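Read through the structure below, which is laid out as structure tokens, and then see the notes.
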Amino acid sequence: MRSAGLRWLRGWSLPLFSFFFLAPSLTAQAIRLHVDLTDAPRNIYHAHLQIPAHAGEMSLVFPKFIPGNHRPSGPIGALTGIRMEAAGHSLAWQRDAVESYEFHVTIPTGVNTLNVSLDAITSLDSAGAGGPAASSNLLDLNWNAVVLYPKGARSDDVKFEPSVTLPAGWKFGTALQVAHTAADEVEFSPVSLTTLVDSPLIAGVHYRKIELSKPGETPIHVMDVVADAEPDLAMTPQDLAAYQKLVAETGELFGARHYRHYDFLLTLSDQVGGHGLEHHESNDSATSERMFLEPDLHMLNADLLPHEFTHSWNGKYRRPTGLATPNYQEPMIGDLLWVYEGLTEYLGTVLAERSGLWTDEQFREELAGTAAMLDHEAGRTWRPLEDTARSVQMLRFSGAQWRSWRRSLDYYSESQLIWLEVDAIIRQQTHGQRSLNDFCRRFYGGESGAPKVVPYTFDDVVRTLNEVAPYDWAKLLHQRVDETSTHAPLGGIERGGWKLVYNDKPNLFAKAGEQLSKSASFSYSLGFSVGAEGKIGDVIVGSPAYQSGLGPGMKLIAVNGRKWTPSVLHEAVKAAQGSDQPIELLVENAQFFKTYSVAYHDGEKNPHLERVSDQPDILGDILKPMTH
Ligand SMILES: [Zn+2]
8 MRSAGLRWLR GWSLPLFSFF FLAPSLTAQA IRLHVDLTDA PRNIYHAHLQ IPAHAGEMSL
68 VFPKFIPGNH RPSGPIGALT GIRMEAAGHS LAWQRDAVES YEFHVTIPTG VNTLNVSLDA
128 ITSLDSAGAG GPAASSNLLD LNWNAVVLYP KGARSDDVKF EPSVTLPAGW KFGTALQVAH
188 TAADEVEFSP VSLTTLVDSP LIAGVHYRKI ELSKPGETPI HVMDVVADAE PDLAMTPQDL
248 AAYQKLVAET GELFGARHYR HYDFLLTLSD QVGGHGLEHH ESNDSATSER MFLEPDLHML
308 NADLLPHEFT HSWNGKYRRP TGLATPNYQE PMIGDLLWVY EGLTEYLGTV LAERSGLWTD
368 EQFREELAGT AAMLDHEAGR TWRPLEDTAR SVQMLRFSGA QWRSWRRSLD YYSESQLIWL
428 EVDAIIRQQT HGQRSLNDFC RRFYGGESGA PKVVPYTFDD VVRTLNEVAP YDWAKLLHQR
488 VDETSTHAPL GGIERGGWKL VYNDKPNLFA KAGEQLSKSA SFSYSLGFSV GAEGKIGDVI
548 VGSPAYQSGL GPGMKLIAVN GRKWTPSVLH EAVKAAQGSD QPIELLVENA QFFKTYSVAY
608 HDGEKNPHLE RVSDQPDILG DILKPMTH
């Protein structure tokens, strides 16, 4: 691909392309990196690098394309306080005039170490997800935010000796190997830049380590949890059993593990940016502070860890060629994100159910909500799924306004439906003898051991699917991914023995989400959702609300002459069922008031899956755990 140079291009032809294999070529001298994290509660990390250097021009780069973010999200705007010096003398540096992630400096004769100090402002960089990385009680360190490395080097070839100073008394978790600790100073064993960026660290006042492996079992799986308060760390015996079962289920599903040990790094906090970022030997996930304590939060977040864990196989070990870049400056090409993220989304939800984090009903309610949302997306008529992946930079942080017309990061959710369809087709074609489980074992299994990357192409996916069950997979997948459509791909639900229906019973996930965000959804009836202050979130193109002239961002004031509340609007929708009168909505739009008449008489519409009794329950078979 692109201008990566022949050396890297040849790398594609190697069937097993690992940094383990490349280890001998690590530069003899390591970059020493110390990160002072004691200012974490103020969201600023102080770093000092000692970079091997020799006389002449030197160009250093700051990681730009961050793995798992799939886009140029390296927090360059947060990089502050850059000073360079050598042999006691300060050196003038210059940012490249074109590439803002690149710095130039002239190293004087007789110098062999360049000292660089820099700060990372972390108030908007929670693992690339926005929101702060640290709070009063906890922090998340992604090393890409505090490193510079020689321009042009492969990340496998650059060696680092990392260390940190933690805030006094804070405990930490990371997949890195500890070489030495003294009080709040921690030194880690030397690693390549690849492994460093792949091994974030979390720390906090309130910390708990939970063993997920049975005694004597290898590789070891642990969950390191930091939280804003001590009671948040309480995990029920049922949850512990479910996470242990999750580990067992992945072993059975994939048949191999591509890590030496695995750390679930879990941050429970409403003060930092929520995220989930995958790595080979860990995942860095941050979610609701009371996730272990409150059933609704538990349900809404239950598939997060199964998703990120699945990425160790799908995304880290097997990676689309366009995302398996030699360093963090090479552009990433996300054309196979519908496999990388989409299959992970599907397996994450299936594994949440198989391990007992969700009930069957919860799985189906989540699936129904996803299917309904996608089926009401008018944007699918102009934008193929592939374009949502190519547009990741633009779509990641775009708001709710006109979402259904613009589309969102649908390569996650829509691909979940596509992989369900693939699973159901395999099961039908082979009369239940084979399933997507067999694909997973062939594609992601192999030999267990240290992390390595095995890149793949579209053709590799199709070939392996055909080995499991012959079918015109290329045609089906091109249709689903490259072509526009009028409806969401609901074939997996239908082949699974179920159908998407709408009725007046609230969807479990929508209801929980609405209670937490104090919003109300009328998306599939009137055609909009509305926030606590009456602000209209999105108006679905083609819906009754859209036909009436309503638009996102307007503020709902009154319904049929009465002050707006969610229950007043619900009552109005109910009443309109037996009437031919439109629902009158008084709306404020940028200081002006207007009444819109919405002609809608079909009652409440909440999505669910309903069993089709004369067809086999393939979805039920999919949800059966593989271990007992
Ligand atoms: Zn993911």
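When you line the sequence shown up against our numbering, it's residues 8 to 635, in that order. In this text, a Cβ means the ideal position worked out from N, Cα and C, and glycines have one as well. Remember, it's a predicted structure, so these values are computed and weren't measured experimentally.
Just the Cα atoms here: how many angstroms apart are L247 and Q36? 43 Å
Buried or exposed: where does V185 fall if 16 or more other Cβ atoms within 10 Å of its Cβ makes it buried? exposed
Report the rounded CA-to-CA distance for D628 versus V619, giving the unit in angstroms. 15 Å
Let me confirm a value: S107 is counted as buried when at least 16 other C-beta atoms fall within 10 Å, else exposed. Which label applies? exposed
Which one of Y214, P82, E428 and E301 has the shortest CA to CA distance from L497? E428
By the DSSP assignment, the alpha helix (DSSP H) with K482 in it spans what residues? Where K482 is concerned, the enclosing alpha helix (DSSP H) stretches over W480 to D489.
By the DSSP assignment, the alpha helix (DSSP H) with S420 in it spans what residues? D417 to Q436
State the Cα-Cα distance for the pair T338 and F72, rounded to the nearest angstrom. One detail in the question is off: residue 338 reads as Pro in this sequence, not Thr. Cα-Cα distance, rounded: 7 Å.
Can you have a look at H438 and say buried or exposed, based on whether 16 or more other CB atoms are within 10 angstroms of its CB? exposed
F450 and Y463 closer than 9 Å at C-beta: yes
Got a sec, what are the start and stop residues for the beta strand (DSSP E) N444 sits in? Not the beta strand (DSSP E): N444 falls in the alpha helix (DSSP H), residues L443 to Y451.
Identify which residue in K221, L472 and Q440 has its Cα closest to the Cα of V346. L472
Hey, out of H61, L523 and D126, whose CA is closest to H55's CA? D126
Give the straight-line distance between the Cα atoms of K317 and T129, rounded to the nearest whole angstrom. Checking the displayed sequence, the identity of residue 317 turns out to be Thr instead of Lys. Straight-line Cα distance between these residues: approximately 27 Å.
Tell me where the beta strand (DSSP E) around A565 begins and ends. K562 to V566
Please work out which residues of its chain come closer than 8 Å, Cβ to Cβ, to S292, disregarding the five sequence neighbours upstream and downstream, and give them in chain order. Closer than 8 Å at the Cβ level, and outside the excluded window around S292, lie F271, L272, L273, T274, H282, G283, L284, L311, L312 and E315.
State the Cα-Cα distance for the pair Q101 and H111, rounded to the nearest angstrom. 5 Å
Where the beta strand (DSSP E) containing Q101 begins and where it ends: Where Q101 is concerned, the enclosing beta strand (DSSP E) stretches over W100 to R102.
What is the DSSP secondary structure of K631, counted as helix, strand or coil? coil
When we look at the beta-carbon of M633 and count the other beta-carbons within 10 Å, is it buried (16 or more) or exposed? exposed
Would you report the Cα separation of E348 and V469, rounded to the nearest angstrom? Roughly 17 Å between the two C-alpha positions.
Helix, strand or coil at D382 [DSSP, three-state]: helix
Find out if the Cβ-Cβ distance for the pair E591, V575 is shorter than 9 Å. no
If you measure between the beta carbons of I625 and G541, is that distance less than 9 Å? no
Would you call M401 buried or exposed, if buried means 16 or more other Cβ atoms sit within 10 Å of its Cβ? exposed
Continuous beta strand (DSSP E) stretch holding R90: start and end: L86 to A93
Going by Cα to Cα distance, which pick from H77, S124 and V488 is closest to L86? Nearest of H77, S124 and V488 to L86, Cα basis: S124.
According to the Cβ coordinates, are A47 and P169 closer than 9 Å? no
What is the C-beta distance between V488 and P391, in whole angstroms, given that I count them as a contact (C-beta under 8 Å)? 7 Å
Three or more C-beta pairs under 8 Å: does that hold for the region 526 to 535 against the region 548 to 568? Counting Cβ pairs under 8 Å, three or more are found: they touch.
For A517, which residues in the same chain have their Cβ closer than 7 Å to its Cβ, ignoring the five residues on either side in sequence? G376, S528 and N613
Option in V193, W412 and A379 with minimal Cα separation from G558: W412
Within its chain, find whatever has a CB closer than 8 Å to the CB of S133; leave out the 5 residues flanking it on each side and keep chain order. P139, A140, D147, V279, G280, G281, H282 and A293
So if DSSP puts A527 in a beta bridge, which residue, or which two residues, is it bridged to? V537
Helix, strand or coil at A286 [DSSP, three-state]: The residue asked about is misnamed: residue 286 is His in this sequence, not Ala. Coil, per DSSP.
If we call anything under 9 Å between Cβ atoms a contact, is R387 one with H485? no
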